[in-house]
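**Student:**
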Amino acid sequence: MQRESAEYSDQHLCYRRSTVLWKSALCLIILLLCVALLWINYVEYSGKLQTLPYSIAAILGMWLVGPLFFKLVSGLSRRSTVLLSWSDEAIVTQGRTVPWHKIRHIELTSSGSSRWILSDAPLLALHLKDGKRIHIQTGHLLTSKELLQAEIRLQLNLRENQQRNT
Numbered sequence: 047m048q049r050e051s052a053e054y055s056d057q058h059l060c061y062r063r064s065t066v067l068w069k070s071a072l073c074l075i076i077l078l079l080c081v082a083l084l085w086i087n088y089v090e091y092s093g094k095l096q097t098l099p100y101s102i103a104a105i106l107g108m109w110l111v112g113p114l115f116f117k118l119v120s121g122l123s124r125r126s127t128v129l130l131s132w133s134d135e136a137i138v139t140q141g142r143t144v145p146w147h148k149i150r151h152i153e154l155t156s157s158g159s160s161r162w163i164l165s166d167a168p169l170l171a172l173h174l175k176d177g178k179r180i181h182i183q184t185g186h187l188l189t190s191k192e193l194l195q196a197e198i199r200l201q202l203n204l205r206e207n208q209q210r211n212t
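So that you can map any letter, position 31 of the sequence shown is 77 in the numbering used here, and since no number is skipped, the others follow by simple counting.
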């Protein structure tokens, strides 16, 4: 029986579907509140003073939370909850294998806010010795604590590998 949690013992980084489910449910509630604001504004006619603020609040809410909701739903629809895995030789992620000896540093970062002011997604960045970077998208599928634990675990594995090779 497979345990649904963020696991590191099997050298895999997995997300919990339950975490993604409650995050997507929260986003759905916010989106429904935005729709309710539009409904109140245009069908029930809230009055001239409330029309502009209700419309702005509803549109901003949908703009900011909508894309996150669809990212989370896509995470729920995936067959596998594995974001990355590793062995003594390499990290395997998104169909790409990166040998440990090519990695200089691993850090937790974010994609930064986009030009459309959407939420920035946390990601793990692999800094390679040749100056390139490989980003491992986590897409809000992990909690902050799980992200921090994943970063620490990967950094420890990197140090162990570097010590073995020297």
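Think of the CB as a built atom: it goes at the ideal place given N, C-alpha and C, for glycine as much as any other residue.
How long is the line joining the alpha carbons of residue 55 and residue 196, rounded to whole angstroms?
**Tutor:** Residue placement at residue 55 cannot be trusted, given a pLDDT of 44 that sits under 50; what the coordinates show is reported in the next sentence. Approximately 11 Å between the Cα atoms of the pair.
**Student:** In angstroms with no decimal places, state the Cα-to-Cα distance between residue 209 and residue 133.
**Tutor:** 15 Å
**Student:** For a test of the three-state rule: what should DSSP assign to residue 184, helix, strand or coil?
**Tutor:** coil
**Student:** Looking only at its chain, what residues have a beta carbon closer than 7 Å to the beta carbon of residue 151, apart from the 5 residues adjacent to it on each side?
**Tutor:** 173
**Student:** For residue 124, does the three-state DSSP call read helix, strand or coil?
**Tutor:** coil
**Student:** Leaving out the 5 sequence neighbours to the left and right, which residues in its chain are closer than 8 Å to residue 107 when beta-carbon positions are compared?
**Tutor:** Cβ-Cβ distances below 8 Å link residue 107 to 76, 77, 79, 80, 83 in the same chain, with the five nearest sequence neighbours on each side left out; the list follows chain order.
**Student:** Using 10 angstroms around the beta-carbon of residue 192, count the other beta-carbons present and answer buried if the total reaches 16, otherwise exposed.
**Tutor:** Around the CB of residue 192, 16 or more other CB atoms lie within 10 Å, so the residue is classed as buried.
**Student:** Whose C-beta lies closer than 8 Å to the C-beta of residue 104 among residues of the same chain, with five residues either side of it excluded?
**Tutor:** 80, 81, 83, 84, 87
**Student:** Please classify residue 168: is it buried, with 16 or more other beta-carbons within 10 angstroms of its beta-carbon, or exposed?
**Tutor:** buried
**Student:** According to DSSP, is residue 64 helix, strand or coil?
**Tutor:** helix
**Student:** Taking the beta strand (DSSP E) that residue 153 belongs to, which residues open and close that run?
**Tutor:** 149-156
**Student:** Under 9 Å, do residue 128 and residue 60 count as touching if we go by C-beta distance?
**Tutor:** yes
**Student:** Could you tell me the distance, in whole angstroms, from the CA atom of residue 176 to the CA atom of residue 148?
**Tutor:** 8 Å
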